[in-house]
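Enquirer: Dropping a structure here in structure tokens format, bear with me for questions.
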Amino acid sequence: MTLDPASPRARFGVRFALLARRWRRALDARLAEAGLSDATWVPLVHLQESGDGITQKELAALVGIDGSSLVRLLDILSRQGLVERRVDASDGRARLVHLTEAGRARVAEIRRELSRGEAEMLADLSDADIATMLGHFERIEQRLQSLQVQRREKATP
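Just so we're aligned, residue 1 is where the sequence shown starts under full-length UniProt numbering, counting upward by one.
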């Protein structure tokens with residue numbers, strides 16, 4: 001099916017991807033002004049959102065980087081006293097990554113800066129507009145997950 005290039009459906013993907021990049025750059029710039037790099041804030045926020053104590057492999061998937069890159073990043077965060085790695089009691093070979101008290105304090109600082117930046121960027125939208133968009137995002141995410149499962153099932157003999 002060929003779409004009219006001017007149609008909203010045809011324009012959506014590129015616009016969404018470009019907006020996501022601009023959004024991320026704006027947040028990164030704001031956090032950089034507060035002395036927080038994207039390499040630092042993203043894994044810390046994911047750790048907090050995951051409930052803390054997740055495997056390095058899980059964290060790498062959430063952050064979207066390979067395991068060796070995450071190990072180097074965790075070394076830095078550990079030296080800064082923001083995270084610690086502990087042996088997984090259920091699997092002695094695995095290590096779980098936890099936020100330290102200093103890490104939790106840093107996440108609180110990150111959240112404050114994110115809230116300020118997001119408030120500025122969303123100032124022209126009502127809460128109802130934002131709720132509607134979030135509902136659409138959820139539907140898109142569910143569809144993407146469903147498609148991913150279907151592709152895995154097709155690839156598995």
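Backbone N, C-alpha and C define an ideal beta-carbon position, used for all residues, glycine too.
Could you tell me if ALA60 is buried or exposed, where buried requires 16 or more neighbouring beta carbons within 10 angstroms of its beta carbon?
Expert: The residue is buried, with at least 16 neighbouring Cβ atoms inside 10 Å.
Enquirer: Is it true that the CB of GLY117 sits closer than 9 Å to the CB of ALA26?
Expert: Yes. Within cutoff.
Enquirer: So, at 7 Å on beta carbons, what are the nonlocal neighbours of GLU45 in its own chain, with the 5 sequence-adjacent residues on each side left out?
Expert: According to the sequence provided, residue 45 is Val. The question's Glu does not apply to it. Here the set comprises VAL107, ILE110.
Enquirer: With the cut-off set at 9 Å, would you say VAL83 and LEU62 are in Cβ contact?
Expert: Cβ distance not < 9 Å, so VAL83 and LEU62 don't count as in contact.
Enquirer: Within its chain, find whatever has a CB closer than 8 Å to the CB of SER78; leave out the 5 residues flanking it on each side and keep chain order.
Expert: Result list for SER78: GLU84, ARG85, in chain order.
Enquirer: To the nearest angstrom, how far is it from the Cα of THR132 to the Cα of ALA123?
Expert: Distance between the alpha carbons of THR132 and ALA123 is about 16 Å.
Enquirer: For TRP41, does the count of other Cβ atoms within 10 angstroms reach 16, so buried, or fall short, so exposed?
Expert: The residue is buried, with at least 16 neighbouring Cβ atoms inside 10 Å.
Enquirer: Mark GLY64 as exposed unless 16 or more other C-beta atoms lie within 10 angstroms of its C-beta, in which case mark it buried.
Expert: Label assigned to GLY64: exposed.
Enquirer: So ARG30 and GLU113 are supposed to be a Cβ contact under 8 Å. How far apart are they, rounded?
Expert: With 8 Å as the limit, ARG30 and GLU113 qualify as a contact, their Cβ atoms being about 6 Å apart.
Enquirer: Where does ASP124 fall in DSSP's three states?
Expert: In the structure shown, ASP124 sits in coil (DSSP, three-state: anything other than H, G, I, E or B).
Enquirer: Kindly list the residues whose CB is nearer than 7 Å to the CB of ASP66, restricted to its own chain and excluding five residues on each side of it in sequence; keep chain order.
Expert: Excluding sequence neighbours, ASP66 sits near ALA60.
Enquirer: Provide the residue(s) that pair with VAL97 in DSSP beta bridges, ordered along the chain.
Expert: The partner list for VAL97 (beta bridge, DSSP) reads ILE54, ARG85.
Enquirer: So, with DSSP's three-state summary, where would you put ASP129?
Expert: It is helical.
Enquirer: Would you check if the distance between the CB atom of ARG95 and the CB atom of GLN56 is smaller than 9 Å?
Expert: Cβ atoms of ARG95 and GLN56: closer than 9 Å.
Enquirer: Under three-state DSSP, which class holds ASP66?
Expert: Note: ASP66 maps to coil in three-state DSSP.
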